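In UniProt numbering, the protein residues as written are 5 to 240.
Built from N, CA and C at the ideal position, the CB exists for glycine as well.
As the structure is a prediction and not an experimental result, all values here were calculated from the model.
Below is one structure, written out as structure tokens; comments come after it.
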Ligand code: ADP
Ligand code: ADP
């Protein structure tokens with residue numbers, strides 16, 4: 005069962021814009037899958053389908069074996085917890101510490117956590133911060149961090165719930181080359197260590213060349229082609 009499978013998907017917005025048309029697409033377990041295309045090509049719409057924020061006008065969408073559009077609100081919340089999302093521009097809460105920001109997805113889980121669950125959450129947050137190399141900055145506030153560090157906090161927050169599928173929207177836009185390298189290394193490491201399947205929307209072909217196994221090119225809402233990415237010289 006593929007972590008992501010779209011079949012004959014159309015999305016038409018109210019007003020009539022056809023944002024996606026006839027999209028067939030599968031992403032394999034443990035794959036790092038790039039999505040590229042010009043502004044307006046339908047990339048954000050695709051991500052919206054995968055998170056369940058948008059519903060296809062026709063066709064079928066399956067995310068981790070389920071159709072987000074057909075789930076009850078409770079089951080959709082459960083599905084969303086098995087997804088990690090890394091946003092463009094990160095969106096950290098400025099009045100919360102790094103540790104609190106990373107803990108947010110766990111805090112959103114339903115019900116009042118037991119003492120054991122709270123201990124488990126603390127350990128998961130500590131692990132996630134170690135994973136991104138920011139355990140010494142746990143008590144800092146976002147404004148005290150560099151842009152690259154903030155993006156790493158965003159990745160820790162996305163991974164803290166141990167998602168099987170990680171969705172990244174322009175994860176390196178606005179980062180310099182060195183910081184971009186660090187973020188891409190983390191994506192590769194998440195895949196190597198945890199087998200995380202990763203979908204990366206990017207306009208940066210360098211990102212595609214360095215981390216993606218395959219890339220899908222969207223043009224005006226149509227999936228033009230899916231290509232294997234080869235010759236990754238810089239990969240270990
Ligand atoms: P991309 O992320 O590749 O820039 P989008 O998925 O945002 O592309 O947009 C695809 C098309 O759908 C564009 O023509 C865009 O103007 C249109 N669109 C996006 N969101 C909406 C919306 N909420 N309502 C109407 N049209 C939209
Ligand atoms: P450490 O090596 O620091 O003891 P782990 O190897 O247990 O930590 O995990 C490090 C990071 O990996 C943390 O961000 C944790 O949330 C994340 N993680 C652990 N297991 C998984 C998983 N199955 N899927 C995704 N992320 C995971």
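| Asked | Found |
| --- | --- |
| Segments of 3+ residues assigned as beta strand (DSSP E) that fall wholly inside the region 173 to 209 | 201 to 205 |
| Alpha carbon of residue 21 to alpha carbon of residue 111, nearest angstrom | 37 Å |
| C-alpha distance - residue 14 paired with residue 172, whole-angstrom precision | 22 Å |
| Contact belief for residue 179 with residue 152 at Cβ below 8 Å, rounded distance in angstroms | 6 Å |
| Close beta carbons around residue 17, own chain, < 7 Å, minus the five adjacent residues each side | 23 |
| Residue environment, residue 175, which counts as buried when at least 16 other CB atoms sit within 10 Å | buried |
| Residue closest to residue 88, alpha-carbon to alpha-carbon, out of 113, 164, 9 and 56 | 164 |
| Cβ neighbour criterion (16 or more within 10 Å) applied to residue 99 | exposed |
| Three-way DSSP call (helix, strand, coil) for residue 91 in this model | coil |
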